[in-house]
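Trainee:
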Amino acid sequence: MQVKGQSELPSDKMDVNQAKQEHLLALKVMRLTKPTLFTNMPVTCEDRDLPGDLFGQLMREDPSTIKGAETLMLGEMLTLPQNFGNIFLGETFSSYISVHNDSNQVVKDILVKADLQTSSQRLNLSASNSAVAELRPECCIDDVIHHEVKEIGTHILVCAVSYTTQSGDKLYFRKFFKFQVLKPLDVKTKFYNAETDEVFLEAQIQNITTSPMFMEKVSLEPSMMYNVTELNTVTLGEGSESTFGKMAYLQPMDTRQYLYCLKPKPEFAEKAGVIKGVTVIGKLDIVWKTNLGERGRLQTSQLQRMAPGYGDVRLSLELIPDTVSLEEPFDIICKITNCSERTMDLVLEMCNTRSVHWCGVSGRQLGKLSPSASLSIPLKLLSSVQGLQSISGLRLTDTFLKRTYEYDDIAQVCVVCPYLGPES
Amino acid sequence: MNSTEDAAKRPLTLDIEGVRNDEPQTSAPSQAATISSQSSATDTLFSQPNVTDTLFQEESIDLDVEAFVSPQDDSAASGSVMDRLNDQMMESVMISDSPNSEDDEVPIDSLLEQVEDKERLDPEEPDEEKKKEIEEDTKCGVNQSTPDTAGELEEASVVEEEEEAEAEATAEEKPDEACGKEPISVIQAGPGTPTPGSPKVQETKLDMGIAVAKEEPIPVCTIFKQGTQPTVHALVPDGFQPTLIKSPSFGSSNSETPHKLAPLVCQPSPSLSKFFADNGSINPASDFFDSFTTSSSFISVSNPNAESPKSPDRHPGPQDISRPKPLTGPAEPVVSMTKLQTVFSGSDDPFASALSMSEVDRRYDAWLPSEETRRVLISVATQQVNPLYVERERLSMPGLKFDNLQGDAVKELMVRFLGDQAATKRQVLTANSVEQNFLGLKQLISTKNWRAAVDLTGRLLTAHGQGYGKSGQASNHTSDSLQLWFVRLALLVKLTLFQNAELEFEPFGNLDQPDLYYEFYPAVYPGRRGSMVPFSMRVLHAELPQYLNKPQESLDRLHSMRSVCQKILANLEEGLAEDGSTMTLAQENRQASVQLWRSRLSRVMYSMANCLLMMKDYVLAVATYHSIIQYEPQQSVQLLSGIGRIFLQIGDIKTAEKYFQEVDKACQEKGPAQDTAVLMNSFVSIPFLILQANNNAAVCLLYLGRLKESLGQLESLVQQDPVLYLHESVLFNLTTMYELESSRSTQKKQALLEAVACREGDSFNTQCLKLL
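Those protein sequence lines, which keep their order, are chains C and Y. Quick note: the first sequence uses our numbering, first residue 1, plus one each step. Quick note: the second sequence uses our numbering, first residue 1001, plus one each step.
1. Let's see if you can read the secondary structure: which residues bound the alpha helix (DSSP H) around Y/HIS1626?
2. If Y/GLN1473 sits next to Y/GLY1399, beta carbons under 8 Å apart, how far is it from one beta carbon to the other, in whole angstroms?
3. In whole angstroms, what separates the C-alpha of Y/GLN1466 from that of Y/GLU1506?
4. Beta strand (DSSP E) containing C/LEU483: first to last residue?
5. Which bits of chain C does Y/LYS1658 rub up against, with CB to CB less than 8 Å?
6. Please decide whether Y/HIS1541 counts as near chain C, where near means a Cβ-Cβ distance under 8 Å.
7. For the alpha helix (DSSP H) containing Y/TRP1450, list its first residue and its last residue.
8. For the region 1366-1412 of chain Y, list the alpha helix (DSSP H) runs that are entirely contained and at least 4 residues long, ordered along the chain.
9. When we look at the beta-carbon of Y/VAL1619 and count the other beta-carbons within 10 Å, is it buried (16 or more) or exposed?
10. Starting from the beta carbon of Y/LEU1691, find every residue of chain C whose beta carbon is closer than 8 Å, and list them in chain order.
11. What would DSSP say about Y/GLN1513, mapped onto helix, strand or coil?
12. Using beta-carbon positions only, say whether Y/LEU1601 and Y/TYR1625 come within less than 8 Å of one another.
13. For a quick check, are the C-beta atoms of C/THR243 and C/ASN227 less than 8 Å apart?
14. Just how far apart, CA to CA, sit Y/GLU1715 and Y/HIS1727?
15. Expressed to the nearest angstrom, what Euclidean distance is found between the alpha-carbon atoms of Y/VAL1487 and Y/SER1636?
16. Who are the near neighbours of Y/SER1311 in its chain, counting only those whose CB is closer than 7 Å to its CB and skipping five residues on each side?
17. Just list the beta strand (DSSP E) runs in the region 90-143 of chain C, keeping only unbroken ones of 3 residues or longer that don't cross its boundaries, in chain order.
18. Please list the residues of the region 96-111 of chain C that have a C-beta atom closer than 8 Å to any C-beta atom in chain Y, keeping them in chain order.
19. Span of the beta strand (DSSP E) holding C/PHE38?
20. Let's test the definition: count the other Cβ atoms within 10 Å of the Cβ of Y/ILE1299 and tell me whether it reaches 16, buried, or not, exposed.
21. Which residues of the region 291-319 of chain C have a Cβ closer than 9 Å to any Cβ of chain Y? Give them in chain order.
22. Please go through the same chain and pick out, in chain order, the residues whose beta-carbon is closer than 8 Å to the beta-carbon of Y/LEU950, but skip the five residues on each side of it.
23. Name, please, each residue of chain C whose Cβ falls closer than 9 Å to the Cβ of Y/VAL1619.
24. With Y/THR1735 as the anchor, note down where its alpha helix (DSSP H) starts and where it stops.
25. Just to confirm before moving on: does the CB-CB distance between Y/ALA1577 and Y/LEU1585 stay below 8 Å?
26. Under three-state DSSP, which class holds C/ARG354?
27. Taking the C-alpha atoms as reference points, what is the distance between C/CYS414 and C/GLU148?
28. Classify C/MET73 as helix, strand or coil using the three-state DSSP reduction.
29. Touch check for the region 398-406 of chain C and the region 345-356 of chain C: three-plus C-beta pairs under 8 Å?
30. Tell me the rounded alpha-carbon separation between C/ASP322 and C/ASP285.
31. Using a Cβ-Cβ distance under 8 Å, would Y/PRO1196 count as near chain C?
32. Run through chain C and tell me which residues come within less than 8 Å of Y/GLU1741, C-beta to C-beta.
33. Between which two residues does the beta strand (DSSP E) carrying C/THR331 extend?
34. Under 8 Å, do C/ASP49 and Y/PRO1687 count as touching if we go by C-beta distance?
35. For chain C, is any of its Cβ atoms less than 8 Å away from the one on Y/VAL1853?
36. In three-state terms, what does DSSP make of Y/SER1255?
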């Protein structure tokens, strides 16, 4: 603890002040972090060694050891916190505030007020705001305050005490306790868009505190448009096992990757093509615990994702075989969605490539397509080359705007020779 | 707080955050922030609408002020109010900026940073200050369009009302501030910190040392002749007695260890050692060792616990070093290298069988030396090499690295706080007040005067030729000298003087030098084989580095110990002797051996688990504790509940609960009758359980805001049964509560000191009284 201003005062002035009357009440504040378990240090010897059973006896007589297993280091005695420690965003700041009457006279009308000043607000944390009528010597007013920390940065606990002495003097003093709230976690996210409308969210959560953290809950609360599947457990027979192993805790600076799959709800899936620009995916809800169950909870801001752009017209495949025979026609079903704000009149052209040949009429009229509407068209084609072939060469032309949209590399099929089998 | 600066300092902050942090300050779109935060009653919002492009690829989510806007957040007037408040604070009291923004670690000593009001610091201009403050408060009230306004205004009015009182108070509050500065529950001055009292203490100590030396002239002692005075640079004289600091949970303050230990290193008392070095030839110290030397050549210290057959008439005393060893080997027949292992066990050779080791010795002393050491030992046994000519680098040449640890922290505290008069009441045993032999040593240990005991081991070792400054000089080991070393080092560890222990352990290397095996001394220990180093000393040696922030080294040593234990067990299972030699063992002997080595293996496993726990490698620690259950099934209850506590420590309450339920079940299965038997066996006395329950209940009461009750409970218990309740952890809790309760905690702590003084030995950890 440092109060730097103090040293700058000339010392004679301090003496003058010390000669004067002290406050009758003393204010003490202690942060109540969770207690710790007392650890003892086992030093043992064998009966044959010089001390004989002495060390063993000393350990058995020590109340802090585990009887019957004295070499077990972690004891059962609770010890009060010894220092302020760190406090992190999302944790609860608890503090004991004790006002003690140090004098030998009864003090009246004591009002103790505890406020927490953050960078944005001032909160009153006292349980009651009413004055205590009187406080006898050696008695104290106790209060335990709790506050869930919601901001990082400097916090100042301001404790103010006002009281009336026996002689009727009204006295008042304040004390400031400053502490820093730190950031406990570092969260990074990444989105992957699947060919279907699914979105995969990968979240990296790093413990940037200095103590291990038990991750009690890390869940994705999806926005109204999505259903979420958590992909962080592996089902083994009947039970499921976390991908993070048996013990769900994070060491300092360790990072863990969580994976979620988001699927648009059916009512939105239809309009999937319409989802564009920034969409709200949801937010991560993280609950952790540290020593003896000290709890912390954070939510991220709404995660946003830029939906992949599909242009005015989106062409997706509804059906396609994975393997086809050489020079044998096969069917695919294309889905064409109007993603624009206007009605379109579409013409479908099919251009052959070196390997893929379309069957059927090119330049077919598809008719009018209103915004957000879609239609499915079955198409037939064949490949003249073996191997993995890319399907390309679809052209859609909007006759209203005379705009042509080209679709190449829509999908791949594996082309095999059906005659190979019997010959070999 | 300047948040721009803050953001820049924070190491892990990503760019986006910096940007966002800046924005409210520069262009102040606080309106936007307000709107967004208000629109979400319960949710936290992404409040900066103008940050878009950067967000979508590898995004860092802002866990920052802006993102985690609290529901009740009212940020309308936030920045300005805070700034002004801070400005004022900065000017007036210069709150030291916490290091937190740079580093996640808060200095251990920083409790709540406490800052007094400015008005009290500047008593000369109270009126101006007051005005400022009122202004400030009212401004706050106006600016903050919050429910808080009422409170603010109230405060302001209080100030106004009490203007007169304030004027007086400003001056009066000065002394209060002085006491207010005291951190609550903080150890203010470390033992190493030079305090006004300490130099004096040292002076008197030196005087005593010289006085003692002058009173008792020292006899001729050839070992002291050359007395090379090693300069131990590491031992910085700090003018203060080494007081042990053991944080009640040193597991958590692991990283701090070396730091804290630095001032604890013992200072070799120059008076005594110099005295020996300079005057050795003038023989003034004739009486010094009389009390424990029967002849000038060796001390008749003997370990009553060792059932080893004593070598017929003499131990290799210090003077023996210069004499050539009689070369009468115990086993005359020249054996080939490979057959050497059976050299003493040939049953048809009457000479060898006469010398065959006792069963117990073999069982306890068995150890597997490294290949290199084994070769040396074989060549010694086959008389190819005279032990005297083994390269010095290969030998352990221990010597005391410091002497005269004497000191009694309790007494020093008494002198300081209660005066010399009261301090004279403190009577503890010292190294001088007991018999100068093993009996005296045990007396000191059992009365918890471990410092004195360390001193006594120093004297006994000095008499053995391994005294202060003798490190690096050839000396012979006996099983007793190694036991002395073990006791000394164990006590140093118990006293948490880890660095001292490490220094003195150093010459022993890996505890594998040839001169640490009985085979090296065929003349003194004919026919005896195995390690002179007690197993417990190996454990101690392996455990030590973890207390010095080198847990990895501890683990390495423990692992190699474990593999030796496993090898020995495997040997026994194969029908061989412990060390792998072919030897027929009676069934009961083999059984006893297996039992011993299994318990040793479990001891090593315990150390490994403890070490892993200190390293916070909970996965491995839990697995290791689990695996101990198979070796120590009778400790399964304690182990399971210990594992439960580990989970509790991590914060995994559910798993902890599961383990505690398992413990419950195990206890019920055992049945009440057997349970009491277990209790009796393991010396679990009911008072201990009650103590733990009481202590823990008192801690809980405090968390409920019932300080007085909690204090009352602990105090009455300490008064009722001081023997039991004057335990470090209880006292620590008690003094912490005293500090919280009253500004007169020092007096109450002094009362505890007095209670401690008439019961505890010199090894008492005065740290827990928090008087310094």
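Don't be surprised by glycine CBs; every beta carbon is placed ideally from N, CA and C. Given the structure is predicted, the values throughout are model-derived calculations rather than measurements.
Mentor: Based on what the coordinates show:
1. 1618-1628
2. 7 Å
3. 14 Å
4. Residue 483 of chain C is absent from the model: chain C starts at 1 and stops at 424.
5. Chain C residues near Y/LYS1658: none, gap ~12 Å exceeds 8 Å.
6. no
7. 1450-1463
8. 1371-1381
9. exposed
10. PRO63
11. coil
12. no
13. no
14. 13 Å
15. 30 Å
16. Any reading at Y/SER1311 must be qualified, since the residue scores a pLDDT of 39, below 50, and its modelled position is unreliable; no value is offered.
17. 92-101, 107-117, 122-124, 132-135
18. TYR96, SER98, HIS100, ASP102
19. 36-39
20. Unreliable positioning characterises Y/ILE1299 in this predicted model, as indicated by a pLDDT of 39, which lies under 50. The coordinate reading is nonetheless provided below. When all chains shown are included, Y/ILE1299 counts as buried.
21. ASN291, LEU292, GLY293, GLU294, ARG295, LEU298, GLN299, THR300, SER301, GLN302, LEU303, GLN304, ARG305, MET306
22. Shown here, chain Y extends from 1001 to 1772; a query on residue 950 of chain Y therefore has no answer.
23. GLY245, LYS246, MET247, TYR249
24. 1728-1741
25. yes
26. coil
27. 59 Å
28. coil
29. yes
30. 40 Å
31. Model confidence at Y/PRO1196 stands at a pLDDT of 41, short of 50, so the residue's coordinates are unreliable; what they give is reported in the following sentence. No, Y/PRO1196 lies away from the interface with chain C (no Cβ there is under 8 Å from its Cβ).
32. LYS28, SER98, HIS100, CYS140
33. Looking at the sequence shown, residue 331 of chain C is not Thr but Asp. Looking at the DSSP string, the run of the beta strand (DSSP E) that includes C/ASP331 is 330-338.
34. no
35. Missing from the structure shown is residue 1853 of chain Y; chain Y here goes from 1001 to 1772 and no further.
36. In this predicted model, Y/SER1255 has a pLDDT of only 37, less than 50, meaning its place in the structure is not dependable enough to derive any value.
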